[in-house]
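Chains as they are written, first to last, in the working numbering: chain U, 2 to 158; chain V, 397 to 555. For every residue, glycine included, the Cβ atom is placed at its ideal position computed from N, Cα and C. Report on one structure; see the data block that follows.
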Amino acid sequence: MFELLPDRLPWWIAGPTLGALIVVLFVVANQPLGASGAYVQTSGFLRRRTGVATWRVWYFVGMFAGGFLATQVFRSGSDIRSGYDALRDAFPLGIVIPLVFGGAILLGYGAGLAGGCTSGHGLCGTAQRSKASVAVTATFMATAIATTAVLQLVTPL
Amino acid sequence: MSTTTAHPVRQQRQLNAIGLLTGALFGGILAGANLHEFDSIHSFLRLDDLYIAWFMGSAIAVSAPILWWLERRGTDTPLGGRLALSRAKPEAHHVKGGAIFGLGWAIAGTCPAPALVMVSSGALLGLVAIAGIFLGLHLRERQAMRELVDLTERVPVRN
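Written out as structure tokens, the structure is:
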């Protein structure tokens, strides 16, 4: 709608702002800014489980809303699209959809097993100097970079 | 923590509001950094553009020393008791989970938070990613439940 945000914020603005947000959530609520935990709580909420941390459900809604504000209101607005142009150039849609779905199942399963994802371990865990988080982060970074290199070798990606 | 017992409902409402606000700011920052774009993630994983490394690294470089100092001086948070940072030791499940997550990260080209921003930016295949993440977390939860049941059945009940 408006064009208040540039196409990409410089990292030295986006990164330190995110760092400040991590500190704020710890100072106010003593909580890490983890996304996969929000999925777990939202899933429990949708299945009417008891003992759901409702604030994490609001956090889940918030991530969606913040993304909408930034892309559709503070920027000129982005079109309805697949979001996977590079994959769609390389593979037909009948392969892209199961590929994304399968990859995402691995994301969910891995985050569940490791107890967190890129935000919970990668950002907040390492910021707390947790050795477990450093181990998780180093492992997923190395695995993802190696997998990408292999995908580039064996697929038209 | 005395205020927790005094106003549990009001505290819960405040926590929900904080959740919505910090979630929105996090989603906004991720969108501002274009992390909802497959190309942003993949150009980093190809090591063509190290923006994400600088982005994550600078976020940690800003927050880690402040959190260290806040914990050392002793900080009482209004909604979560005394500030206490996690110092978990690495175990096998961390490395296994990290490896599986990394595989998924490379294939799906997104992770849990950016997948939500993908959808709100109009990228519809983000819905497929979100569904997969929910399913994967659910599969792990079910497996953990079964392991727990096995464990309790194996442990003899002491009277």
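Neighbours of T149/U across chain V, judged by C-beta separation under 8 angstroms: H438, L441, R442, A502. Rounded to the nearest angstrom, the Cβ distance from A427/V to A66/U is 11 angstroms, too far for a contact under 8 angstroms. Relative to the Cα of R89/U, the nearest Cα in the group G505/V, Q410/V, K492/V, L416/V belongs to G505/V.
C-alpha of A30/U to C-alpha of V545/V: approximately 33 angstroms in a straight line.
Using a CB distance cut-off of 8 angstroms, P474/V counts as an interface residue toward chain U.
Against E543/V, chain U offers no close residue; the least beta-carbon distance is about 11 angstroms (beta-carbon pairs closer than 8 angstroms).
Residue-level contact by beta carbon fails for W465/V and chain U, as no gap is shorter than 8 angstroms. For E537/V, the enclosing alpha helix (DSSP H) stretches over residues 522-550. Residue nearest to A133/U within the set Q73/U, T144/U, I146/U, L114/U is L114/U (criterion: CA-CA distance). Taking a C-beta cut-off of 8 angstroms against chain V, the contacting residues of the region 24-41 of chain U are V24, V25, L26, F27, V28, V29, A30, N31, Q32, P33, L34, A36, S37, A39, Y40, V41, listed in chain order. With distances taken between CA atoms, E467/V lies nearest to V28/U out of A145/U, R76/U, V28/U. When Cβ-Cβ separations below 8 angstroms define contact, V491/V makes contact with chain U.
Excluding residues up to 5 positions away in sequence, V515 lie with their Cβ nearer than 8 angstroms to the Cβ of L523/V in the same chain.
Where L47/U is concerned, the enclosing alpha helix (DSSP H) starts and stops at 36-47.
Bounds of any alpha helix (DSSP H) do not take in T156/U, whose DSSP letter is neither H nor E.
The residue from A429/V, G493/V, L521/V, E549/V with its alpha-carbon nearest to that of T138/U is G493/V. The Cβ of S44/U sits closer than 8 angstroms to at least one Cβ of chain V. Here D472/V carries a strand assignment [DSSP, helix/strand/coil]. At a cut-off of 8 angstroms between beta-carbon atoms, H432/V makes contact with chain U. If you ignore the 5 residues before and after P508/V, its C-beta comes within less than 6 angstroms of the C-beta of I529, all in its own chain and listed in chain order. Taking a C-beta cut-off of 7 angstroms against chain V, the contacting residues of the region 4-24 of chain U are L6, R9, L10, W12, W13, A15, G16, P17, T18, L19, G20, A21, L22, I23, V24, listed in chain order.
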